[in-house]
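Protein chains in written order, with this note's numbering: chain A, 401 to 767; chain B, 401 to 767.
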């Protein structure tokens with residue numbers, strides 16, 4: 401193998417392919433990036449079996465070939481090189497030579513034959529969606545996935561297309577995040593994407609309106625961004641019927657300024673850190689929401705102007721779940737819907753129906 | 401106690417006094433900040449016995465008094481309050497009430513009588529120096545102090561005034577940093593300041609040309625910045641006679657571009673991380689410095705244009721020590737002086753004599 405390309409492009413390509421290299425695999429080959437040079441093009445692939453990322457860049461290829469190099473050290477070397485042309489060629493002793501201006505590295509390489517092959521996916525059915533929109537939808541749901549592996553399906557995000565809507569849903573047993581967008585597509589899709597995959601995908605998706613093409617197979621999802629392809633296995637099993645969890649009716653509705661509420665909750669939770677319970681109490685009165693918390697350190701009382709429609713209510717929460725939601729919402733005014741002190745609270749924007757967040761209350765002994 | 405002051409000023413004062421609160425002391429009272437309200441002024445003190453920081457701000461004091469509050473939680477509460485007036489008063493049950501707009505906190509406080517008293521220092525002999533200059537001098541020497549406590553005196557910085565010069569010196573047995581400034585002062589001072597003290601002092605010193613007044617006692621140093629006073633014990637014992645370590649003569653002298661050399665060494669050290677030796681080799685030839693390194697991962701060769709006066713030389717270093725120095729120096733061109741492959745290398749600016757860095761070479765088996 402013998403090729404040359406610019407340092408900048410190579411560095412970018414490594415940083416994309418590297419996102420799939422977790423370094424946690426017991427297989428040493430998976431700490432590497434597969435580099436294939438052919439037809440004046442380099443293809444770089446990183447993989448941890450579940451997730452694989454392939455990206456290509458232009459290069460001047462003098463001799464075709466493939467190698468696998470350690471992703472971390474190769475990435476560091478290329479990053480530290482001067483902004484110039486990089487020449488890379490294989491030597492006889494299982495090593496490559498990297499030359500850039502007056503720098504010359506010799507680095508051992510691994511056997512490309514050992515690198516796992518990517519699942520072949522036939523891209524004949526394509527679901528196309530704006531990168532910017534998908535990125536935004538991932539960001540506003542991914543925080544609610546389960547962190548523990550006790551119910552693996554909940555470590556993923558439901559990707560649901562029906563009735564001209566794309567819905568992403570995450571839930572962890574304590575809260576739920578649902579983000580919807582209207583799309584012009586008659587497909588019906590129901591798949592659960594691992595949280596890790598969406599996390600890396602959202603870093604690669606652009607902030608622009610260009611589309612990403614998505615193909616599903618029974619076990620895999622493929623994101624095609626043109627020069628970059630991401631393949632991930634899907635999570636097996638049935639996602640929870642989230643619609644039956646979201647209450648359709650409510651007894652009272654509170655309208656509040658998002659930032660004011662967030663600040664009050666953040667201050668109240670300072671006193672709730674003791675014993676890591678994050679317990680804060682809401683006392684919802686006419687025109688006023690009183691938030692209190694106490695611990696061995698002391699106690700706090702916050703007061704906030706609200707608009708209340710319906711009955712007064714007392715209810716308690718883990719402040720972390722409310723803070724997560726209030727930080728993600730971008731709108732200034734929000735609506736909170738309650739039924740009772742033991743039923744979930746639904747949080748929405750006052751302005752649109754793009755998302756629905758649900759947070760379970762903490763049941764107090766006095767309830 | 402009962403006072404009110406602006407949130408911003410209180411927050412600033414806490415962040416200054418808090419720098420002395422390490423949270424590592426077995427005495428719970430030292431996790432607190434002592435707040436004394438008197439004569440429309442608040443005095444806040446943080447201390448870990450060795451180092452104490454006192455700062456004062458304006459306040460409207462309705463009732464004089466003193467309390468000690470946990471620095472961390474009190475700091476967090478004040479930081480999260482709205483930008484407004486904060487009222488603080490003691491209640492009967494060993495607690496204080498903090499009110500700011502619609503937020504109300506009750507926080508337990510500790511007994512001010514338990515708080516250690518600061519050493520009384522008579523400020524009749526004052527050494528005055530530009531804050532900006534001192535800050536800069538600390539920054540360019542502190543990285544070379546010893547991290548281990550095996551020789552406690554080396555965890556400090558020598559503060560030496562003689563012959564109209566202020567010298568700061570740090571050394572750890574492998575390298576030495578000497579920073580000098582010409583001052584208009586006939587004093588003779590020789591004291592060793594703990595590295596931790598200088599670290600916190602440099603965060604508080606301003607980047608402007610205003611002066612800080614310094615007073616020495618046999619056991620303490622006091623920095624007086626007007627509203628803020630910092631008192632630290634000195635390290636006991638004699639500092640190493642650093643002048644006898646710095647070679648006055650040299651066999652060869654290399655002039656190089658600082659950033660080029662830094663980049664070459666950083667790249668070379670990528671291959672030297674294996675086994676954490678950071679070993680890189682210099683091959684100094686006429687007009688060219690060749691830097692090489694190798695490990696199980698591979699090897700690297702860097703080449704750099706230099707001006708050599710004197711004999712050619714081969715010498716090896718721990719790259720970390722050279723990188724530390726080259727990152728601190730601000731000038732574009734530097735001079736490296738060598739005597740032999742087993743003698744220290746002296747690094748200076750080509751333009752001035754403000755600093756002298758010394759790095760010991762690594763002795764190779766082949767030497």
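A virtual CB, placed ideally from N, CA and C, is assigned to each residue, including glycine. Since the structure is predicted, the reported quantities are computational estimates derived from the model, not experimental observations.
Does the Cβ-Cβ distance between residue 512 of chain B and residue 467 of chain B come in under 9 Å?
yes
Classify residue 483 of chain B as buried or exposed, calling it buried when 16 or more other Cβ atoms lie within 10 Å of its own Cβ.
Exposed: under 16 other Cβ atoms inside 10 Å.
On the premise that residue 508 of chain A lies in contact with residue 494 of chain A, defined as a C-beta separation below 8 Å, what is that separation, rounded to the nearest angstrom?
6 Å
Of the choices B:763, B:562, B:601, whose alpha-carbon is the least far from that of residue 539 of chain B?
B:601
Note the first and the last residue of the continuous alpha helix (DSSP H) segment covering residue 543 of chain A.
Careful: residue 543 of chain A lies outside any alpha helix (DSSP H) and carries neither H nor E.
Between residue 767 of chain B and chain A, is the shortest Cβ-Cβ distance under 9 Å, so that the two count as touching?
Model confidence at residue 767 of chain B stands at a pLDDT of 42, short of 50, so the residue's coordinates are unreliable; what they give is reported in the following sentence. No, residue 767 of chain B does not count as interfacial toward chain A.
Which residue marks the beginning of the alpha helix (DSSP H) containing residue 598 of chain A, and which one marks its end?
595–604
Residues within the stretch 483–515 of chain A neighbouring chain B, beta-carbon criterion of under 8 Å:
Taking 8 Å as the Cβ-Cβ cut-off against chain B, the residues of the stretch 483–515 of chain A that qualify are 495, 502, 503, 504, 505, 506, 507, 508.
Between the Cα of residue 541 of chain B and the Cα atoms of B:403, B:556, B:749, which residue gives the shortest distance?
B:556
Going by alpha carbons, who is nearest to residue 757 of chain A out of A:645, A:510, A:430?
Checked all of A:645, A:510, A:430; the closest Cα to residue 757 of chain A is A:645.
At 3 residues or longer, what runs of the beta strand (DSSP E) sit wholly inside the stretch 644–725 of chain B?
652–657, 679–685, 688–695, 698–705, 707–710, 713–718
Just the C-alpha distance for residue 615 of chain A and residue 724 of chain A, rounded to the nearest angstrom, thanks.
C-alpha of residue 615 of chain A to C-alpha of residue 724 of chain A: approximately 31 Å in a straight line.
When the Cα atoms are used, what is the spatial distance from residue 767 of chain A to residue 476 of chain B?
Any answer about residue 767 of chain A is weak, because its pLDDT of 42 lies below 50 and its placement is not dependable; what the coordinates show is given next. Taking the straight line from one Cα to the other gives about 31 Å.
I'd like to confirm the pairing. Which residues does DSSP put opposite residue 589 of chain B in its beta bridges?
B:561
Taking the DSSP output, what are the residues bridged to residue 411 of chain A?
Per DSSP, none; premise fails for residue 411 of chain A.
Between B:496, B:621, B:712, B:472, which lies nearest to residue 421 of chain B when the distance is taken from Cα to Cα?
Measuring from the Cα of residue 421 of chain B, the nearest candidate turns out to be B:472.
Determine the DSSP secondary structure at residue 767 of chain B, reduced to helix, strand or coil.
Since pLDDT at residue 767 of chain B reaches only 42, below the 50 mark, its modelled position is unreliable, and no value is offered.
Flag residue 667 of chain B as yes if its beta-carbon sits less than 9 Å from any beta-carbon of chain A, otherwise no.
yes
Determine the extent of the beta strand (DSSP E) in which residue 616 of chain A is found, giving its start and end residues.
611–616
Whole angstroms is fine: what's the gap from residue 586 of chain A's alpha carbon to residue 592 of chain A's?
19 Å
Rounded C-alpha distance that separates residue 565 of chain A from residue 579 of chain A:
10 Å
Under the DSSP definition of a beta bridge, which residues are partnered with residue 633 of chain B?
B:620
Go to residue 464 of chain A, then tell me how far its alpha helix (DSSP H) extends in each direction, as first and last residue.
Taken as a continuous stretch (DSSP letters only), residue 464 of chain A belongs to no alpha helix (DSSP H), as it is neither H nor E.
Does residue 522 of chain A come out as helix, strand or coil in the three-state DSSP assignment?
coil
Would the stretch 431–442 of chain A count as touching the stretch 451–467 of chain A if we require 3 or more Cβ pairs under 8 Å?
yes
Own chain partners of residue 687 of chain A with C-beta closer than 7 Å, once the 5 adjacent residues on each side are dropped
705, 706, 708
Give the secondary structure of residue 566 of chain A by DSSP, where H, G and I count as helix, E and B as strand, and everything else as coil.
strand
Run through chain A and tell me which residues come within less than 8 Å of residue 407 of chain B, C-beta to C-beta.
The premise fails here: residue 407 of chain B is roughly 12 Å from chain A at the closest Cβ pair, so nothing lies under 8 Å.
Can you tell me whether residue 547 of chain B is buried or exposed, with buried defined as 16 or more other CB within 10 angstroms of its CB?
exposed
Looking only at its chain, what residues have a beta carbon closer than 7 Å to the beta carbon of residue 443 of chain B, apart from the 5 residues adjacent to it on each side?
436, 454, 456
DSSP-derived helix/strand/coil call for residue 638 of chain B:
coil
List the DSSP bridge partners of residue 406 of chain A.
A:485
With 16 other Cβ atoms within 10 Å as the buried cut-off, status of residue 796 of chain A
Because chain A is modelled from 401 through 767, residue 796 of chain A falls outside the range shown and cannot be assessed.
Got a sec: is the Cβ-Cβ distance from residue 718 of chain A to anything in chain B below 9 Å?
It does not: the Cβ of residue 718 of chain A has no partner Cβ on chain B nearer than 9 Å.
Mind checking if residue 473 of chain A is an interface residue toward chain B, Cβ cutoff 9 Å exclusive?
yes
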